[in-house]
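Peer 1: Residue numbers (the numbering used here): 512 to 790. Note that beta-carbon positions come from the ideal geometry of N, C-alpha and C, so glycine has one too. The structure presented is a predicted model; accordingly, all values stated were derived computationally and were not measured.
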Amino acid sequence: MMVVDTKTKRCLYLQLVCLLLSTLKGEGFYMGITYVQNAVAKGAVCLDGSPPAYHLDKGFGTGINNWLVQIEGGGWCNNVTTCLVRKNTRLGSSKQMVKQLAFSGILHKEETFNPDFYNWNRVKVRYCDGSSFTGDVEAVNPATNLHFRGARIWTAVIEDLLEKGMKTAKNALLSGCSAGGLTSILHCDGFRALLPTTTKVKCLSDAGYFINAKDVSGVEHIRAYYNDVITTHRRIYLFLVLPGSIQVCVSFHNIWHKISGRHFLYSMQLTIHGRLRTF
Numbered sequence: 512m513m514v515v516d517t518k519t520k521r522c523l524y525l526q527l528v529c530l531l532l533s534t535l536k537g538e539g540f541y542m543g544i545t546y547v548q549n550a551v552a553k554g555a556v557c558l559d560g561s562p563p564a565y566h567l568d569k570g571f572g573t574g575i576n577n578w579l580v581q582i583e584g585g586g587w588c589n590n591v592t593t594c595l596v597r598k599n600t601r602l603g604s605s606k607q608m609v610k611q612l613a614f615s616g617i618l619h620k621e622e623t624f625n626p627d628f629y630n631w632n633r634v635k636v637r638y639c640d641g642s643s644f645t646g647d648v649e650a651v652n653p654a655t656n657l658h659f660r661g662a663r664i665w666t667a668v669i670e671d672l673l674e675k676g677m678k679t680a681k682n683a684l685l686s687g688c689s690a691g692g693l694t695s696i697l698h699c700d701g702f703r704a705l706l707p708t709t710t711k712v713k714c715l716s717d718a719g720y721f722i723n724a725k726d727v728s729g730v731e732h733i734r735a736y737y738n739d740v741i742t743t744h745r746r747i748y749l750f751l752v753l754p755g756s757i758q759v760c761v762s763f764h765n766i767w768h769k770i771s772g773r774h775f776l777y778s779m780q781l782t783i784h785g786r787l788r789t790f
């Protein structure tokens with residue numbers, strides 16, 4: 512049995528620490544939170560009534576006029592009970608969100624780890640409404656104090672980013688994963704409409720396509736679940752571009768069964784770049 516002396520142990524320990532620090536450096540860095548305070552007056556608030564938030568790292572060099580907006584994922588709440596639980600977490604309240612968020616992967620600022628977007632203006636929009644930014648209910652039940660204002664949050668955040676320079680963007684990419692990926696699908700054309708016609712706009716949905724099919728037990732779970740989401744968040748409207756370039760605002764109630772299927776993607780003006788993970 513080999514005996515390792517104290518000096519060797521210390522050297523090994525320091526090497527391990529250096530390795531871990533190197534790994535952490537590759538995983539990302541931290542950006543401070545920005546609260547959209549003026550959104551509260553517009554009723555654009557999280558489930559608990561707190562202001563929406565995002566994290567922004569400004570671009571530089573050749574990427575100074577390019578914007579990457581990534582939407583946080585986190586599922587949905589489909590009834591009062593699940594929304595009440597969510598209200599007391601970071602997915603329902605900006606009061607519960609961390610003040611510093613790690614920017615890694617597509618948000619990383621080093622070219623070595625993120626050669627395509629490292630010098631763009633990179634934004635992480637926090638998710639706190641539980642409806643992929645689509646609900647808009649004016650009334651608030653005092654018994655629950657739940658606010659269903661996802662659509663207003665979306666507008667308030669994008670308007671804030673436009674004022675911070677996105678209105679002069681040369682390129683803009685709207686992205687998201689899971690529920691954030693669905694957001695990038697649902698709001699793709701609306702995102703395009705808010706930017707100058709000269710801006711090149713793309714949308715990326717990472718694992719944001721949820722198939723309307725029966726589960727292993729033969730139950731139409733997705734259909735029932737999304738129907739509950741719509742019922743709970745009620746006045747859900749989307750900006751769509753239908754075939755023939757006719758722009759319309761339609762009720763999610765009437766097209767929910769198409770939203771998760773190919774019909775919605777066919778109706779979009781912009782190209783959706785989808786990415787589904789396989790296990």
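With H, G and I counted as helix, E and B as strand and the rest as coil, what does DSSP make of ILE582?
Peer 2: In this structure, ILE582 counts as strand in the three-state DSSP scheme.
Peer 1: Taking the alpha-carbon of ARG660 as reference, which of VAL547, ALA552, LEU558 has the nearest alpha-carbon?
Peer 2: Nearest C-alpha to ARG660: LEU558.
Peer 1: How do the stretch 544 to 551 and the stretch 640 to 653 stand: do at least 3 beta-carbon pairs fall below 8 Å, yes or no?
Peer 2: Touching, no, given that fewer than three Cβ pairs across the two stretches are closer than 8 Å.
Peer 1: Within 10 angstroms of the Cβ of VAL712, are there 16 or more other Cβ atoms? Answer buried if so, exposed if not.
Peer 2: Under this definition VAL712 is a buried residue.
Peer 1: Which value, in whole angstroms, describes the spacing of the CA atoms of TRP587 and ASN632?
Peer 2: Answer to the nearest angstrom: the Cα atoms are 28 Å apart.
Peer 1: If you draw a straight line from the alpha carbon of GLY687 to that of TRP578, how long is it in whole angstroms?
Peer 2: When rounded, the distance between both Cα atoms is 14 Å.
Peer 1: What first and last residue would you give for the beta strand (DSSP E) that runs through ASN632?
Peer 2: Its beta strand (DSSP E) spans residues 632 to 636.
Peer 1: State the Cα-Cα distance for the pair THR679 and VAL636, rounded to the nearest angstrom.
Peer 2: Roughly 19 Å between the two C-alpha positions.
Peer 1: Our contact map puts HIS698 next to VAL556 with C-beta atoms below 8 Å; I'd like the distance itself, whole angstroms only.
Peer 2: In fact, because the Cβ distance is near 18 Å, the residues do not count as touching under 8 Å.
Peer 1: Taking the C-alpha atoms as reference points, what is the distance between GLY729 and VAL740?
Peer 2: Each residue's Cα considered, the two are about 21 Å apart.
Peer 1: Buried or exposed, going by whether 16 or more other CB atoms sit within 10 Å of the CB of GLN581?
Peer 2: Burial call: buried.
Peer 1: Mind checking which residues open and close the alpha helix (DSSP H) that includes PRO737?
Peer 2: One detail in the question is off: residue 737 reads as Tyr in this sequence, not Pro. First-last of the alpha helix (DSSP H) with TYR737: 732 to 744.
Peer 1: Curious, which full-length beta strand (DSSP E) runs of at least 3 residues does the stretch 701 to 728 contain?
Peer 2: The qualifying runs are 711 to 717.
Peer 1: Distance check for ASN738 and GLU621, CA to CA, integer angstroms please.
Peer 2: Spanning the two alpha carbons is a distance of roughly 42 Å.
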